[in-house]
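In the numbering used here, the protein residues as written are 186 to 525.
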Ligand code: TYM
């Protein structure tokens, strides 16, 4: 077996299935921005092919794809330093995914908790794509020989499956070709919770708009949502331990910490003993200060969709330059003749 050294390369993606939330920002985009620089090559993708595993209105999908790209750009993803593109423009993703469909085992897919949650009692009626989705995600990462995958907590199992697919491929074909990527799940906000129920994840698709902060919300909305966020009657404790059985309170402290680049301990240090009447307005002010410039920039970018399309096309070309040799080599390893 030949040993291949893999250059550190970050890969991550977001589905354009609706608008971006504070969870996407703190759990993913903000951390992607921080990983840009000399230590890694960074590849960031709007994963539109993942979005259509559940029905998407075509016009809304196209709009959401541009809006997610705008959100990344407005947050500080640099389209020159990072490779920023949408998945559908690089067909190699689906080509490698097919090969991985043939590597991954049905038993592995059956263990995916996100599929079980999403399919629920309706498992017979959901799309085959929703079931196969984690193999496409493995393809997204491994097509670039991605080594580091910054994601929120909810994607951990999918990155672990990616490692299993890479390992099985290498083993079955007797090669050391694909790296086993590391999920990077760090910082205080890897699982931002619903503002109305601290035991549920904040998501794009929750039923009430009051349970999430959208990256397009204006200052008034952000302030109102934090003011109305569910809490308990107790003031903030002296130590983080005191938040153990207080999920809503813990969530707001974590959000504060992530937005202000502090640890939750430091936030508690500053606000120990404070009531919600003091903490919530401070949190709302902080969130507005951080998010309002981003939503303003998103709106500006969305006024010029042709410019976003140009950036995505350019990113897709650069993505393809990395992906094509890896796909060709994979075909070679598998014994798929490509003679043109
Ligand atoms: P998606 O689109 O659901 O979410 C995008 C990213 O945002 C994170 N995230 C959160 N983090 C903290 N708290 C929350 N409430 C929260 N909600 C979402 C997610 O963990 C994720 O990092 N399958 C992926 C997209 C994907 C991908 C990939 C990711 C496709 N291919 C390859 C990494 C590498 C997804 O549906 O993410």
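Even glycine gets a Cβ: it sits at the ideal position worked out from N, Cα and C.
All values reported here derive from a predicted model rather than from experimental measurement.
Per DSSP, reduced to three states, the secondary structure at residue 379 is coil, with no helix or strand assignment. For ligand 1, no non-hydrogen atom lies closer than 7 Å to the CB of residue 330.
Take residue 417, set aside five residues on each side of it, and the residues of its chain with a beta-carbon closer than 8 Å to its own are 431, 433 and 434, in chain order. Secondary structure note for residue 354: its alpha helix (DSSP H) is the uninterrupted segment 341-358. Annotated three-state conformation of residue 435 is helix, per DSSP. In this structure the region 231-245 lies against the region 308-321, because at least three pairs of beta carbons, one per stretch, are closer than 8 Å. In the DSSP assignment, residue 271 falls within the beta strand (DSSP E) that extends over 268-271. No Cβ-Cβ contact shorter than 8 Å links residue 480 with residue 371. Annotated three-state conformation of residue 488 is coil, per DSSP. Note on the region 384-460: whole alpha helix (DSSP H) runs with a minimum of 4 residues are 404-413, 432-444 and 449-456, in chain order. Between residue 364 and residue 351, the CB-CB gap stays under 8 Å.
Within the chosen limit of 7 Å, ligand 1 does not reach the beta carbon of residue 270 with any heavy atom. In this structure residue 509 is exposed. Its beta-carbon is surrounded by fewer than 16 other beta-carbon atoms within 10 angstroms. Check the Cα spacing between residue 426 and each of 454, 409 and 332: the tightest is with 454.
The DSSP-derived three-state label of residue 480 is helix.
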